Amino acid sequence: MKAWPDCLPCVLSLVISTARRNGLDDERVRAVMERVLDAGIVSLGSFSHQPSYDLAAAWRLLTDFTGEADALRKDKIRQNQQALLLYPEAHAYVVSAPDPLANALKLAIAGNMLDAVINVDTAAPDTLLRSLESLALDAEELAELRRRLSSASSLVYLTDNCGEVVFDRLLLQVIRKNWIVETTVVVKETPTLNDVTMTEALEVGIDHDCDRLLGNGTQEPLPSTDLSLVSDEVRKLVEGASLIISKGIGNFEVLEEDPSVAGRITFLIHAKCTPMAALHGVREGSLILVNR
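Per the working numbering, the sequence shown runs over residues 31 to 322.
Structural data, given as structure tokens:
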């Protein structure tokens, strides 16, 4: 997915909010913005590629300026703590449901409402569970995912943000309980935005819900998965996987155009912006489950 006009101000907004969260005053925030604009990170050229690459470039500049390689670490901790407080209730919501897979999927996608990058004040945990009552998944896409799980022998699960990663655990638990599938969870090697790294993955215990937990092996702070940049180990696992479950908009931007994963990738996305909602023909705030 190439950048839409909406994506450019989104990149700039992220730079501003992250700079302020790191204690920069207005003068230094302006200095950061000037560097981003002078570097041409956000420009007419942005429309020729996926927004994740602009975000990576902006993140490198921002971390160089602030001296904080993991500039949203405090927010990531807070998001995970919020989700962990909700975990017992979320677990009950999933295991007591007539269809645990559907509920686990809804929760794993809707957990993106805890995204500190998009929301200055992230959704309250109790709001998250209440919101699921009015949110539905596409029935045909859900049925197709069940078919894929029934025939899969190996799964690569590409994570997205902190907070929602706690609910990824529940989805993985349901999958491993009901289908015989070897599961590899992949997180970011290098801090970028509020994406999950190995540090946060171990803090929330997702290593207990998979057969293998790996960093993606790239030093690029890309909030996505570019198979030309990841380690040989991760690339081979993705190439050989029966099924790939991909979380988030960033992963969708890059992987939906990658022919090597066609026919075996399932995207789980929260339609939190106009481009993503319009692209899938849904209302903003919807839960998107799409098999490609």
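Note that beta-carbon positions come from the ideal geometry of N, C-alpha and C, so glycine has one too. Only a predicted model underlies this, so the values are computations on that prediction, with no experimental measurement involved.
Identify which residue in the options has its Cα closest to the Cα of residue i.
i: A61; options: E119, T96, K218, S254; result: T96
i: R103; options: V125, D84, R51, D55; result: R51
i: V216; options: E230, D55, P289; result: E230
i: R313; options: K106, S126, A301; result: A301
i: L42; options: G53, D55, E64, L54; result: E64
i: W209; options: L232, E194, C240; result: C240
i: R294; options: G245, R177, L54; result: R177
i: I107; options: L285, L257, D256, L232; result: L232
i: Q203; options: S161, L244, V125, T157; result: V125
i: Q112; options: P128, A101, F77, T157; result: T157
i: L257; options: K207, G311, L285; result: L285
Identify the residues that DSSP records as bridge partners of residue i: which are they?
i: F297; result: S276, V320
i: K218; result: T227
i: L185; result: T213, L273
i: N142; result: None; N142 has no bridge partner.
i: R242; result: T214
i: N191; result: D225
Classify residue i: buried if its beta carbon has 16 or more other beta carbons within 10 angstroms, exposed otherwise.
i: T152; result: For T152, the pLDDT reaches just 48, beneath the cut-off of 50, and the residue's location in the model is therefore unreliable, leaving the point undetermined.
i: H238; result: exposed
i: A173; result: exposed
i: A182; result: buried
i: D84; result: buried
i: K32; result: exposed
i: T222; result: buried
i: E163; result: exposed
i: T93; result: buried
i: P130; result: buried
i: E269; result: exposed
i: E287; result: exposed
i: D56; result: exposed
i: K165; result: Inspection of the sequence shows that residue 165 is occupied by Leu rather than by Lys. Exposed, by the Cβ-count rule.
i: A101; result: buried
i: G245; result: buried
Report yes if the CB atom of residue i is closer than 8 Å to the CB atom of residue j, and no otherwise.
i: V196; j: N281; result: no
i: E263; j: G278; result: no
i: L159; j: Y123; result: yes
i: C192; j: N224; result: yes
i: L185; j: L67; result: no
i: T214; j: L267; result: yes
i: I236; j: D190; result: no
i: E283; j: Q80; result: yes
i: I71; j: A49; result: no
i: S276; j: L188; result: yes
i: R322; j: A292; result: yes
i: R90; j: P251; result: yes
i: A120; j: L201; result: no
i: D36; j: C303; result: yes
i: P253; j: S82; result: yes
Using a Cβ-Cβ cut-off of 8 Å (strictly less than) and excluding sequence neighbours within five positions of residue i, which residues of its own chain qualify?
i: V150; result: Note that V150 scores 41 on pLDDT, short of 50, meaning its location in the model is unreliable; the coordinates nonetheless yield the value given after this. Same-chain partners within the cutoff: S47.
i: V211; result: L179, A182, S183, S184, L185, I205, S272, L273
i: L44; result: L85, A88, V147, L223
i: L114; result: V196, V234
i: P39; result: none
Among the residues of its own chain, which have a CB less than 7 Å from the CB of residue i, if the five just before and after it don't count?
i: L167; result: A132, L135, K136, L317, L319
i: W34; result: P305
i: A99; result: T93, P221
i: E171; result: L319, V320, N321
i: A307; result: A301, R313, E314, S316
Is the CB of residue i under 8 Å away from at least one CB in chain C?
i: D225; result: Annotation note: the requested chain C is absent from the structure, which comprises a single protein chain.
With a threshold of 6 Å on Cβ separation, who are the neighbours of residue i within its own chain once the five nearest residues in sequence on each side are excluded?
i: I139; result: L298, H300, L317
i: T296; result: L175, I275, N321
i: D145; result: N191
i: L259; result: T248, E250
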